[in-house]
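Below is one structure; the comments refer to it alone.
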């Protein structure tokens, strides 16, 4: 590349990184907003969150177009290519988290009129806190190219998984006590799964950051083991 083309290339890569960080911030804000709407039974607030997802979808398409432009026009190699491939995977993970926020917002309408007992409400808020924390940590790791920070997300996600289990117990205890009906209990259980999945997407982002920095993914280890077994079988 000429120096001018190289400069434009890295400027566009910086734009993509900034756009992805913005998308992650939109998701984190959405998690907090949708939880507030859920706990308040705020259908109007939920509708606003559903509408706002269109902006995230638009931004994700714009970022994808920039990545395709980088691949098609500049023919990157080595670290630059790994960065763009990571960015493309990041778009999908963040956009899916946004979809999960939207799914929670849609559940606000279905749960309208349900009386949530204090333990269920408290666990919803604690799951919200952990989902926001995981999303923010994943995006910080991405922005700073911090593989060390990325590596701890699995442990943080374990906290969300534990809260999710407690939440399900609380939901069905509330159902058994007659505080909510079966349909409401099932809907609440599905909502809990949405929070848990947001955490999973944050972990996936963290793994992509580790790939960006080190060139290794967890599945690479499994693939290497499979390759070694295959080679060993061929020699027998």
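In our numbering, the protein residues as written are -1 to 234. C-beta: ideal position from N, C-alpha, C; glycine also.
Taking 8 Å as the cut-off, decide whether the C-beta atoms of residue 35 and residue 48 are in contact. What you label residue 35 is simply residue 37 of the chain shown in a count that begins at 1. What you label residue 48 is simply residue 50 of the chain shown in a count that begins at 1. Contact: no.
Residue 17: buried (16+ other C-beta within 10 angstroms of its C-beta) or exposed? If you number the chain shown from 1, residue 17 lands on position 19. So residue 17 ends up on the buried side.
Find out if the Cβ-Cβ distance for the pair residue 98, residue 195 is shorter than 8 Å. Working through the chain shown from its first residue, we reach residue 98 at position 100. Working through the chain shown from its first residue, we reach residue 195 at position 197. Against a cut-off of 8 Å, the Cβ pair of residue 195 and residue 98 comes out as a contact.
Could you pull out every unbroken alpha helix (DSSP H) segment of at least 4 residues lying fully inside the region 132 to 202, listed in chain order? Look at the region 132 to 202 and you find these whole runs of alpha helix (DSSP H), each 4 residues long or longer: 145 to 149, 151 to 174.
Buried/exposed call for residue 118, threshold 16 Cβ in 10 Å: Taking the chain shown and counting its residues from 1, one reaches residue 118 at position 120. In summary, residue 118 is buried, with 16 or more beta-carbon neighbours lying within 10 Å of its beta-carbon over all protein chains present.
Distance CB(residue 130)-CB(residue 26) smaller than 8 Å: Position 132 of the chain shown, counting from 1, holds the residue named residue 130. Position 28 of the chain shown, counting from 1, holds the residue named residue 26. Yes, these two residues count as a Cβ contact at 8 Å.
Can you check which of these residues, 104, 202, 10, 210, is closest to residue 71 by C-alpha distance? Counting from one through the chain shown, the residue named residue 71 turns up at place 73. Comparing Cα-Cα distances from residue 71 to each of 104, 202, 10, 210, the minimum goes to 10.
On the CB-based measure, 16 or more other CB atoms within 10 Å of its CB, does residue 206 come out buried or exposed? Walking along the chain shown from the start, residue 206 turns up at place 208. With 16 or more Cβ atoms within 10 Å of its Cβ, residue 206 is classed as buried.
Starting from the Cα of residue 121, find the closest Cα among 179, 160, 61, 68 and give me that residue. Residue 121 sits at position 123 when you count from the first residue of the chain shown. Among 179, 160, 61, 68, the Cα nearest to that of residue 121 is on 160.
Can you give the beta carbon distance from residue 151 to residue 200, rounded, assuming they're within the 8 Å contact cut? By one-based count along the chain shown, residue 151 stands at place 153. By one-based count along the chain shown, residue 200 stands at place 202. Sure, about 6 Å apart at Cβ, within 8 Å.
Measure the beta-carbon distance from residue 54 to residue 88 and round it to whole angstroms, keeping in mind my assumption that it falls under 8 Å. Here residue 54 refers to the residue found at position 56 of the chain shown. Here residue 88 refers to the residue found at position 90 of the chain shown. The pair is not a contact, with the Cβ atoms about 13 Å apart (cut-off 8 Å).
Below 8 Å between beta carbons: does that hold for residue 93 and residue 58? On the chain shown, position 95 is the one that residue 93 refers to. On the chain shown, position 60 is the one that residue 58 refers to. Contact flag set, yes.
For the alpha helix (DSSP H) containing residue 32, name the first residue and the last one. Mapped onto the chain shown, residue 32 falls at position 34. From DSSP, the alpha helix (DSSP H) with residue 32 extends over 1 to 38.
Measure the Cβ-Cβ separation of residue 102 and residue 32 and say whether it is below 8 Å. Your numbering for residue 102 matches position 104 in the chain shown. Your numbering for residue 32 matches position 34 in the chain shown. Against a cut-off of 8 Å, the Cβ pair of residue 32 and residue 102 comes out as a contact.
Give me the residue from 37, 136, 181, 187 with the minimum Cα distance to residue 167. Reading the chain shown from its first residue, position 169 is the one you call residue 167. Comparing Cα positions, the closest option is 187.
Taking CB distances under 8 Å as the criterion, tell me whether residue 145 reaches chain B. Structure shown: chain B not included; a single protein chain is present.
Buried/exposed call for residue 8, threshold 16 Cβ in 10 Å: The residue given as residue 8 occupies position 10 in the chain shown. In the assembly as shown, residue 8 is an exposed residue. Its beta-carbon has fewer than 16 other beta-carbons within 10 Å.
Alpha helix (DSSP H) segment containing residue 56, residue limits: Locating residue 56 in the chain shown gives position 58, counting from the first residue. Annotation for residue 56: the continuous alpha helix (DSSP H) segment containing it runs 41 to 72.
Nearest to residue 132 by alpha carbon, out of 198, 77, 164? Along the chain shown, one-based indexing puts residue 132 at 134. Out of 198, 77, 164, 198 has the C-alpha closest to the C-alpha of residue 132.
Burial state of residue 96 (16 or more Cβ within 10 Å): The residue you call residue 96 lines up with position 98 of the chain shown. Looking at its Cβ environment, which holds 16 or more other Cβ atoms inside 10 Å, residue 96 is buried.
Excluding the 5 residues flanking residue 189 on each side, which residues of the same chain have their C-beta closer than 6 Å to its C-beta? For the purposes of this step, residue 189 is identified with residue 191 of the chain shown, where counting begins at 1. 102, 105, listed in sequence order.
Go through its chain and collect everything with a Cβ distance to residue 69's Cβ below 7 Å, but skip five positions before and after it. For the purposes of this step, residue 69 is taken as residue 71 along the chain shown, with counting starting at 1. Answer for residue 69: 82, listed in chain order.
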